[in-house]
Structure formats: structure tokens, C-alpha cells
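These notes concern the structure reproduced below.
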Amino acid sequence: MSSPKHIVVIDDDPDFLAYVKIVLTTNGYDVSTALSAEEGLALMRQQPPDLVMVDMMMSYVLDGWTVSREMQFDPQLRDVPVLMVSAIVSDERDSLFARPEHVRIDAFMTKPVAPAALLSRIEELISNTRS
2 MSSPKHIVVI DDDPDFLAYV KIVLTTNGYD VSTALSAEEG LALMRQQPPD
52 LVMVDMMMSY VLDGWTVSRE MQFDPQLRDV PVLMVSAIVS DERDSLFARP
102 EHVRIDAFMT KPVAPAALLS RIEELISNTR S
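Sequential numbering of the sequence shown, starting at 2, is according to the numbering used here.
Structural data, given as C-alpha cells:
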């Protein structure tokens, strides 16, 4: 039997973190949470995850992109899929925010995220990295 997939969720909203952790752990994922980009990166460097879910806007406007950029410069983290979430933009409006260089975003979801949609997207992203 394989071990549960490890997901790091980074968001400055403790209620959102609790919600996502409940959804993911009840569906068999191992979840670590962080309230800041710095805390999330430290967690990832201690135990590289199978996927990172990060809020685009936390204490600084582009915190999510900062996390993604830092991951790209770390050989242990550069291939970890990044699921970006935000209450502000969606896929359709994503072009309004210029994506900084060296930023990897594998998928984007708008808050609030529905549990079924979140689980489906995560499984898709994790499955794509197995091949």
C-alpha cells in the first residue's frame, strides 16, 4: 500500500486552511498548512510535497508567485505541481496579472473552492507528475 500523497497548503486565512485540510485529510491526503510564504517554503524544504496549493495574495500582493518562483530555484521543489488559488481572479481574468518570470502555475482555482472540484484538480495534477 502506498503512503498518502503529501500536500502543502499556504494561505493567510486560517479558516480557509482548516476547510481545505478537512476536505483533503478526509479524502486520504497528508496535509501540512502554513500561514505565510516563508513558513510554507520552510515546510516544503523539510519534506518536499507531492503538490503545493498556495493563495496568490497573502500579506503581499504576489506572495503566491513568490512561493512558486522560489520553488523553481530549488532542485528539490522545481517539479512539484503548483495549484494557485485566489478570491480575486479566475482563469478568464488571469491575464490581467502579468506573471513574473520563473513562475510556475500548473492550475488555478477561484475561491471559494468546491470540495469535489478541488479533489478532482488535485488528483489530475498529482497524476500528471507520476508519468
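Just so it is clear, CB atoms sit at the ideal spot from N, CA and C, and this is done for glycine as well.
The model shown is predicted, which means the values in this text are computed figures rather than measured ones.
Measuring alpha carbon to alpha carbon, tell me which residue in the options is nearest residue i.
i, options, result
"I123", "Q77, M54, D14", "M54"
"I8", "V68, D14, P82, Y20", "P82"
"I11", "T27, A88, S37", "S37"
"M58", "Q77, A88, S3, R105", "A88"
By the three-class DSSP mapping on this structure, what secondary structure does residue i have?
i, result
"F17", "helix"
"Y128", "Rather than Tyr, the amino acid found at residue 128 in this sequence is Ser. Correct three-state label for S128: helix."
"L52", "strand"
"A115", "coil"
"S33", "strand"
"A108", "strand"
Measure the alpha-carbon distance for residue i versus residue j and round it to whole angstroms.
i, j, result
"D95", "D56", "For D95, the predicted structure reports a pLDDT of 49, less than 50, and the residue's modelled location is therefore unreliable. A value from the coordinates is still provided. Computed Cα separation, rounded: 14 Å."
"K6", "E71", "22 Å"
"A43", "L119", "24 Å"
Report buried or exposed for residue i, applying the criterion of at least 16 other Cβ atoms within 10 angstroms of its Cβ.
i, result
"S128", "exposed"
"S69", "buried"
"P50", "buried"
"F109", "buried"
>> Would you call the segment 65-78 in contact with the segment 13-21, where contact means no fewer than 3 C-beta pairs closer than 8 Å?
In response: Taking one beta carbon from each stretch, the segment 65-78 and the segment 13-21 have fewer than 3 pairs nearer than 8 Å; the two do not touch.
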